[in-house]
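Residue numbers (the numbering used here): 141 to 420.
Written below as structure tokens is the structure these notes are about.
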């Protein structure tokens, strides 16, 4: 009986040891898998996986929205600019970026048609755009001078913003590579560096250095500005950033590579610290 008890105890101990050894690789593997979600200060936590990618078509056209406003980009904005241009309200490049110049043209149209002057293109403004006939600008009741570019600088800034968005879109799908700064692989700050280099702007290498040293702070982001976040990884200061493309969307390099994220996602809003413009 004694021998039988000892044999049973040995069996239990051996079974526990085998189970422990069998589990060790699994635990080690899980630990490394978790670590890979946030390599050094350029990574992001797993929570970002709930942010979906969208296609270039989605970026180019926000047809699901009932209004078009400042900050939007895409085919809807191009169509708006073309219609405003045909009526004499818009004298600039049709670039698909709803910035201050497009807003100014919309406001003038609204004022001439006695629509609420808010710069937002809704049903009444669309109706005014669809009406035939010359605008009051072309009739001479409003000066053309306000619709002309004040300087070549304004046009250059608009072109650079369009260039930033185009560069960001061109690398969608690029894999996340820690330390990556090329189209073969981009980490989060490497993505920002790459995009702005395409329009001739050199930036500091890390998010916190860009936040501290580059560009100017803006109260709210416009298309082509960079939005910054802190606390996405355990480092001091800014830890992540993205290119704002309008309509509460942004492009960045995250855990799944370069893709589009929702700027108004509660996670990002919790960590948002502000926006900067790197375009003079």
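For every residue, glycine included, the Cβ atom is placed at its ideal position computed from N, Cα and C.
DSSP-derived helix/strand/coil call for residue i
{"i": "residue 266", "result": "helix"}
{"i": "residue 218", "result": "helix"}
{"i": "residue 304", "result": "helix"}
{"i": "residue 332", "result": "helix"}
{"i": "residue 432", "result": "Lying before the first or after the last residue shown, residue 432 is absent from the chain, which here runs from 141 to 420."}
{"i": "residue 367", "result": "strand"}
{"i": "residue 256", "result": "coil"}
{"i": "residue 346", "result": "coil"}
{"i": "residue 412", "result": "strand"}
{"i": "residue 322", "result": "strand"}
{"i": "residue 225", "result": "helix"}
{"i": "residue 359", "result": "coil"}
{"i": "residue 261", "result": "strand"}
{"i": "residue 401", "result": "strand"}
{"i": "residue 375", "result": "coil"}
{"i": "residue 176", "result": "Here the model assigns residue 176 a pLDDT of 30, short of 50, so the residue's position is not dependable, and the following value carries that caveat. Of the three classes helix, strand and coil, the one that applies to residue 176 here is helix, per DSSP."}
{"i": "residue 417", "result": "strand"}
C-alpha gap between residue i and residue j, whole angstroms
{"i": "residue 330", "j": "residue 247", "result": "39 Å"}
{"i": "residue 208", "j": "residue 242", "result": "11 Å"}
{"i": "residue 355", "j": "residue 347", "result": "12 Å"}
{"i": "residue 407", "j": "residue 401", "result": "11 Å"}
{"i": "residue 315", "j": "residue 252", "result": "50 Å"}
{"i": "residue 411", "j": "residue 271", "result": "46 Å"}
{"i": "residue 230", "j": "residue 245", "result": "6 Å"}
{"i": "residue 397", "j": "residue 259", "result": "36 Å"}
{"i": "residue 312", "j": "residue 399", "result": "5 Å"}
{"i": "residue 299", "j": "residue 235", "result": "8 Å"}
{"i": "residue 224", "j": "residue 377", "result": "44 Å"}
{"i": "residue 219", "j": "residue 213", "result": "11 Å"}
{"i": "residue 232", "j": "residue 350", "result": "31 Å"}
{"i": "residue 318", "j": "residue 325", "result": "8 Å"}
{"i": "residue 301", "j": "residue 263", "result": "28 Å"}
{"i": "residue 174", "j": "residue 310", "result": "Confidence at residue 174 is low in this model, with a pLDDT of 25, below 50, so the placement of that residue is unreliable and no value is reported for it."}
Per-residue burial, residue i [other beta carbons within 10 Å of its own, 16 or more giving buried]
{"i": "residue 210", "result": "buried"}
{"i": "residue 393", "result": "buried"}
{"i": "residue 387", "result": "buried"}
{"i": "residue 256", "result": "exposed"}
{"i": "residue 267", "result": "exposed"}
{"i": "residue 328", "result": "buried"}
{"i": "residue 323", "result": "exposed"}
{"i": "residue 228", "result": "buried"}
{"i": "residue 250", "result": "buried"}
{"i": "residue 404", "result": "exposed"}
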